[in-house]
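Residue numbers (the working numbering): 41 to 535.
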């Protein structure tokens, strides 16, 4: 169905709004490909920056032997070199080691380790690291048993290798463990969190105009006001928004021209039909006069139906909720049932639930009357029900007729499409505008019209409307506004 003829303002298709803030000094690409490339490059740069910071924070100290594990490994290497060297060459190795590793305080030692190693050395993790790195039997002596109180704590050791080389050294007495494990974990978590937030933010900023464009396209053709088209974003999105805006204006113009033409033709036909009716009254042959008047009545009914359809098309806005009166749907449907029962039709209310909604009673009454008229025309009876739904209220009109094949249900909602596919106009088949008028009225009230074949045979037409209040009718009123005029209950002509 058509929308309001008022078009939205044109959208710039090539340029976006002037950049502000940082964008003035750091312009970003205008195309989708450029922005995706920028996102990937930014993620790579951020990853390398965080990795560089992590390497800087976890870099080796200027003197790595300050760490207990490193100092134990290097002391074991020196001890093995001394053990594998002849006695006359050990002094040169020790002198070079003292110059390259001053923090170990290396020196010759001519003492003798005790036969029983102290408990402190046997259970110390640094001593275990030293023995493992040396790989042979190594006699140790604790040269400073009370040195643990020093700040920082150190171990003063005397070593005697299997070849008889003696060596004294000082090792840091710190706890062994992975260096800065907490810093590594924090760095990895920070990197993952930062990249995730950056990617999510950039992706949302890139796809937000697409979502806005999709919402505007989805709202086009419905009764709700379409959201504004995106005015910022990649060039492709802005070009698509401009194309959609121009297409919407063209479609609205075509629909408006079609509706105006239909209304003008239908309105102008009323005058010659009236003149023909006056002339037909002077026809002497009674049989010819009756047939002519019947044809003129059908032509007049067709004109009235076309005018009603054009009126519902052009009045598609339906006004805001504050302009619509509050009505009781059950009372409105019961009024339609009573009107058809008064003319002898088999129409009854099967279930009624009082729900108050804001709507135009004349339009809704015309919609329900059209559905009931179709049910009576094609099935001979109609059963109506009003019940509360998850979003509001549902009006159902059921019959025991032949139903509508599923492949033809969408076509039946189009104007001038009749269920019997007959091209001749007569009172029994109508003009194919009844369901089209119902659809226009339902969509004007933000509702939904569905057609379903019943299991036991027949058709069930359901009108779902957004409800306002559920429960009884306010005291002192029947909840139903008076419906008068051409769209009231008295106008139950064929649909």
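Heads up, the beta-carbon is just placed ideally off N, CA and C, and yes, glycines get one too.
State the DSSP-derived secondary structure class of residue i, mapped to helix, strand or coil.
i           : result
residue 276 : helix
residue 500 : strand
residue 196 : strand
residue 506 : strand
residue 175 : coil
residue 77  : helix
residue 441 : coil
residue 391 : strand
residue 204 : coil
residue 302 : helix
residue 148 : strand
residue 399 : coil
residue 323 : coil
residue 156 : coil
residue 270 : coil
residue 435 : strand
residue 345 : helix
residue 69  : coil
residue 318 : helix
residue 183 : coil
residue 209 : strand
residue 214 : coil
Is the beta carbon of residue i sitting closer than 9 Å to the one on residue j?
i           : j           : result
residue 176 : residue 123 : yes
residue 320 : residue 310 : no
residue 438 : residue 500 : yes
residue 503 : residue 406 : no
residue 209 : residue 146 : yes
residue 436 : residue 505 : no
residue 365 : residue 400 : yes
residue 142 : residue 198 : no
residue 229 : residue 83  : no
residue 419 : residue 440 : yes
residue 496 : residue 410 : no
residue 232 : residue 200 : no
residue 333 : residue 317 : yes
residue 206 : residue 116 : no
How would you write the range of the beta strand (DSSP E) that residue i sits in, first residue to last?
i           : result
residue 427 : 421 to 428
residue 488 : 488 to 493
residue 368 : 366 to 368
Keeping to the same chain, check which residues put their C-beta closer than 6 Å to that of residue i; ignore five residues upstream and five downstream.
i           : result
residue 94  : 227
residue 393 : 426, 427, 428
residue 337 : none
residue 183 : 196, 198
residue 507 : 395, 397, 432, 433
Tell me which residues share the same chain as residue i and place their Cβ nearer than 8 Å to its Cβ, disregarding the 5 neighbours each side in the sequence.
i           : result
residue 77  : 69
residue 444 : 452, 459, 491, 493, 499
residue 243 : 79
residue 373 : 389, 392, 408, 424, 426, 435
Taking its Cβ as the centre, do 16 or more other Cβ atoms sit within 10 Å of residue i, making it buried, or is it exposed?
i           : result
residue 297 : exposed
residue 413 : buried
residue 448 : exposed
residue 130 : buried
residue 156 : exposed
residue 137 : buried
residue 454 : exposed
residue 368 : buried
residue 71  : exposed
residue 380 : buried
residue 274 : buried
Whose C-beta lies closer than 7 Å to the C-beta of residue i among residues of the same chain, with five residues either side of it excluded?
i           : result
residue 390 : 423, 424, 425
residue 111 : 105, 144, 211, 212
residue 120 : 174
residue 250 : 277
residue 280 : 253
residue 376 : 405, 408, 409, 412, 529
Quick one: give me the first and last residue of the alpha helix (DSSP H) that residue i is part of.
i           : result
residue 133 : 130 to 140
residue 450 : 449 to 452
residue 474 : 474 to 484
residue 109 : 108 to 124
Beta-carbon of residue i versus every beta-carbon of chain D: anything under 9 Å?
i           : result
residue 414 : Within the model displayed, chain D is absent; a lone protein chain is all it includes.
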